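A quick write-up on the structure given underneath.
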Amino acid sequence: MSNGNKEVLTGHQVVANAMRQVEPDVVAAYPITPQSEIVEYFSQYVADGKVDSEVITVESEHSAMSACVGSAAAGARTMTATASQGLALMMEIVYIAASMRTPIVMAVANRALSGPINIHCDHSDSMAARDSGVIQLYGEDAQEAYEFTLMAQRLAESEDVLLPVMVTLDGFTLTHTAQVAELLPDRAVSDFVGEYDARYPLLDVENPTTQGPFDMPDYYFEHKLQQVDAMDNVPDRFLQVQEEFNDLSGGSYDGLFETYKMDDADYAVIILGSTAGTAKVVVDELREEGKKVGLLKPWLFRPFPAEEIKDVLLDKEAVAVLDRSLSFGSSGPLYLEVSSALSGEDTKPRLYNYTYGLGGRDIKEDQIAEVFEDLENPDLEDKMRYIGARQ
């Protein structure tokens, strides 16, 4: 059970505190709104002697991830943070980080991708990395951002995983606003994450290895399948990490996603990130009116828990999947995953795709209530719909 302290902190501060408690060997990063303060707070901890870490200030995010890959390959526990164009710039090396099986933990303060240039929240940045081989966790609030950062360290470094983990938190909505969060005692976190024992560190000169070589056709395929196997191990390992974290914190994580009043729901929405908090308020209000509605919020997006989500949705009448990013020429990324999960079923709910909140546009309670109202209409057309957009 936790003996932690409750404090009023921004999303920046909770992630920086989690990093301080993990005490990585190396943090390499480049500032970009709305991520910058995460590394600024952490750098202050280093300057004040509160954490023994090497902070590498580089000239770009491409260099930041390159430094992270090098340090992780050498055997150092490594963390970073970025957002939007920063993630896009480092994307070349993100794929390499995954292929080299470097367990880097990366906070991403979700921000719209250019262009036009926009500094506010949507999920286009992290969704652009969904096929990179990086594990993705999405938090609803500051507490989840803090706890997922701690759990990510254990998950990434699991011997049957060894993959980077991206912990996302909505830019400005979570990064810059203050919430009550409970921080665990430093010693408890240190015991939970343990010491990092690198499997094949480059600096082990007694047992030399080759890492990141040119891969010919006779080996490349098998090396990619090793990543597939590692990703397949993630769900079970994440559940195990949750269980151990619950013992430490007194928490109640018990799955790959959260369900909210879904047991008897006829109509449901599926949402990633902070908007789930607003949607829960709407669910409560509609429940008071006697309507059977519910919400499903994925914590783990990569790998996507298709079978588990399918089992929850099959008995529903209609489901709306709310995406905060576009996949041009196709449906939204979250919708595609849910639709694929249900594709082989003869009896399944009506499924609709709503896009909302691009470039930081607010979504309000009455708009989410309208989505539930739409779902009650069995003749509803336009499988792809847009919330709050002038058309």
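Quick note on the working numbering: the sequence shown kicks off at 1378 and runs consecutively. A virtual CB, placed ideally from N, CA and C, is assigned to each residue, including glycine. Keep in mind it's a predicted model, so treat the numbers as computed, not measured.
Query, Result
"Proximity of V1689 and S1716 at Cβ, strictly below 9 Å", "no"
"Cα-Cα separation between F1569 and L1625, rounded to whole angstroms", "8 Å"
"Reduced DSSP secondary structure (H/G/I, E/B, other) of E1722", "coil"
"G1452 (DSSP reduced to helix, strand or coil)", "coil"
"Span separating the alpha-carbon of Q1462 from that of E1665", "43 Å"
"Endpoints, alpha helix (DSSP H) assigned at N1394", "1388-1399"
"DSSP state of A1475 mapped onto helix, strand, coil", "helix"
"Between the CA atoms of L1752 and I1496 - distance to the nearest angstrom", "33 Å"
"Coil, strand or helix - K1669 by DSSP", "coil"
"Collapsed DSSP secondary structure at A1465 in the structure displayed", "helix"
"H1389 versus T1552: straight-line alpha-carbon distance, rounded", "5 Å"
"For Y1644, the nearest candidate out of E1747, E1684, E1685 (CA to CA)", "E1747"
"Secondary structure of N1773, DSSP reduced to three states", "With the chain represented from 1378 up to 1768, any question about residue 1773 goes unanswered, as that position is not in the structure."
"Contact under 9 Å by Cβ, F1634 with L1673", "yes"
"Helix, strand or coil at P1675 [DSSP, three-state]", "strand"
"DSSP bridge partner residues for N1730 (one or two, in chain order)", "V1698, M1761"
"S1420 versus T1455: straight-line alpha-carbon distance, rounded", "14 Å"
"8 Å contact criterion, which I1745 and T1655 should meet: CB distance rounded", "6 Å"
"Coarse secondary structure for L1663, derived from DSSP in three states", "helix"
"Burial state of L1602, where buried means 16 or more other Cβ atoms lie within 10 Å", "exposed"
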